Amino acid sequence: MNVVLISRSSALSDSIRNQLNLRERPLVILSSEDLPNFDTKLLRNAIVVDGDPLVCFQSSDGVTAALHEQSLVERRRLLQACREMDAPYVFLSDGRVFDASAGSDHERREDEDAVASSLAGKQLAEFERLVLGVAGQGLVLRTGPLIAAQEGNFLGDCLAAMRDGNVLSLNDSLMGCPTPVSDLARVVSGMLDQLSCGAPCRGVYHYNSSGAASAYEFAEVVCAFASQFVAPVADIAAADTGITWVPQVPVLSCDQLLQDFGIKQLPWRAYLPRMVRAICEGVSK
């Protein structure tokens with residue numbers, strides 16, 4: 001089956017494109033600006049993957065009410081077309097639909113009620129309700145805080161701050177599971193393989209890379225790898241009021257994904273050396 005990816009240019013869309021190219025799966029990439037004039041013929045024998053709101057909300061806490069309402073209207077129209085064409089619709093979201101700031105001693109399950117505290121979380125939850133409300137078509141995949149080999153995400157921003165030479169104060173109590181965009185793209189590709197073969201899986205699924213860590217613990221690992229490629233970086237310190245995960249996403253239970261799709265979690269630490277090296281070498285050029 002073909003894949004229609006709705007996303008602005010980003011590290012995540014690049015990773016998904018690379019994964020699908022490896023699988024030689026036909027791909028059409030559209031931006032949200034393309035949706036008002038979307039040709040529904042593209043939905044024939046296709047699966048839609050909508051990652052644009054998630055990408056947008058990586059760098060902002062939601063959008064204005066007017067823009068959000070416009071996005072809902074456009075997706076409602078697209079979902080109706082998907083139902084008519086029997087095209088599955090995969091919406092990428094994240095755990096901000098839960099209140100991460102409240103803390104939790106357990107992994108958030110797929111069947112827990114979404115109670116968001118941030119604007120981005122509330123708007124993602126509205127998208128989810130819309131997608132799941134179209135009978136038989138919608139699938140939501142929530143993820144953790146995304147990291148990539150570019151600045152503009154928690155990994156890149158941490159390295160940039162460390163290079164400034166000042167002590168970096170980081171929170172050591174709020175836990176998260178950083179998820180490399182290439183790992184999430186691997187999961188999306190695996191789900192698409194099974195959906196294209198007629199797998200009836202619908203509803204809510206979770207995926208974050210394995211290995212819960214605080215922002216401080218994550219930065220310790222980043223420092224260790226970065227010291228192999230650049231001059232000594234700044235010291236880091238643990239503090240309750242220090243920087244925490246951006247975005248702040250609770251740890252998610254991924255049991256349903258394993259049960260229905262057979263897709264296992266991989267540790268974010270396995271991806272980190274290559275990502276840190278890419279950032280450090282990019283800066284040194």
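Following full-length UniProt numbering, the residues of the sequence shown are numbered contiguously, the last one being 285. Idealized CB from N, CA, C, for every residue including glycine. Note that this is a predicted model, so its numbers are computed, not measured.
DSSP state of residue i mapped onto helix, strand, coil
| i | result |
| --- | --- |
| N171 | coil |
| R142 | strand |
| R269 | helix |
| S117 | coil |
| V276 | helix |
| S60 | coil |
| S2 | According to the sequence displayed, residue 2 carries Asn and not Ser. Correct three-state label for N2: strand. |
| A226 | helix |
| A148 | coil |
| E281 | helix |
| D50 | strand |
| R8 | coil |
| A125 | helix |
| L237 | Per the sequence shown, the amino acid found at residue 237 is Ala instead of Leu. Note: A237 maps to strand in three-state DSSP. |
| A213 | strand |
Candidates the options: closest to residue i by CA position
| i | options | result |
| --- | --- | --- |
| F229 | R274, V134, E107 | R274 |
| P53 | N45, M191, A161, G62 | G62 |
| L141 | T244, V48, S169 | V48 |
| F218 | G51, I29, L159, D113 | L159 |
| R186 | D14, N2, A66 | D14 |
| Q234 | G176, A125, L168, T241 | Sequence check: residue 234 is Ala here, not Gln. Of the listed residues, the one whose Cα sits closest to A234 is L168. |
| P180 | F261, T143, G203 | T143 |
| S59 | A46, V246, K264, D255 | V246 |
| F225 | D240, Q256, A278 | A278 |
| V266 | G211, D240, G242 | Val is not the amino acid found at residue 266; the sequence shown has Leu there. Out of G211, D240, G242, G211 has the C-alpha closest to the C-alpha of L266. |
| L195 | E281, A237, V55, A46 | A46 |
| S182 | P26, I147, L252 | I147 |
| A238 | Q259, L124, S214 | S214 |
| R96 | A120, V90, R75, A87 | A120 |
| L79 | C254, G51, A114, V134 | V134 |
| M191 | A66, Q150, L257 | L257 |
| S71 | Q150, E33, V28 | E33 |
| G152 | E128, N2, V3, A11 | A11 |
| L92 | L20, C197, E128, L252 | E128 |
| A116 | D94, H68, H106 | D94 |
| S209 | I263, V90, T40 | I263 |
| R202 | A114, G282, V90, K41 | V90 |
Span of the beta strand (DSSP E), counted from its first residue to its last, around residue i
| i | result |
| --- | --- |
| I29 | 27–30 |
Assigned exposure category for residue i - 16 Cβ within 10 Å defines buried
| i | result |
| --- | --- |
| L155 | buried |
| S9 | exposed |
| T244 | buried |
| P250 | buried |
| V204 | buried |
| S131 | Per the sequence shown, residue 131 should be read as Val rather than Ser. V131 is buried by the Cβ-count criterion. |
| I6 | buried |
| N171 | buried |
| Q123 | buried |
| R23 | exposed |
| K285 | Bear in mind that a pLDDT of 47 at K285, under 50, signals an unreliable position, so the number given afterwards is only what the model happens to contain. So K285 ends up on the exposed side. |
| V222 | buried |
Boundaries of the alpha helix (DSSP H) in which residue i is found, first to last residue
| i | result |
| --- | --- |
| I16 | 11–22 |
| Q137 | No alpha helix (DSSP H) contains Q137, which DSSP labels as neither H nor E. |
| F38 | Careful: F38 lies outside any alpha helix (DSSP H) and carries neither H nor E. |
| D255 | 255–261 |
Taking only runs that begin and end inside the stretch 153–207, name each unbroken alpha helix (DSSP H) of 4 or more residues, in chain order.
154–163, 181–196
Runs of beta strand (DSSP E) wholly within the stretch 66–100 (minimum 3 residues, chain order)
89–94
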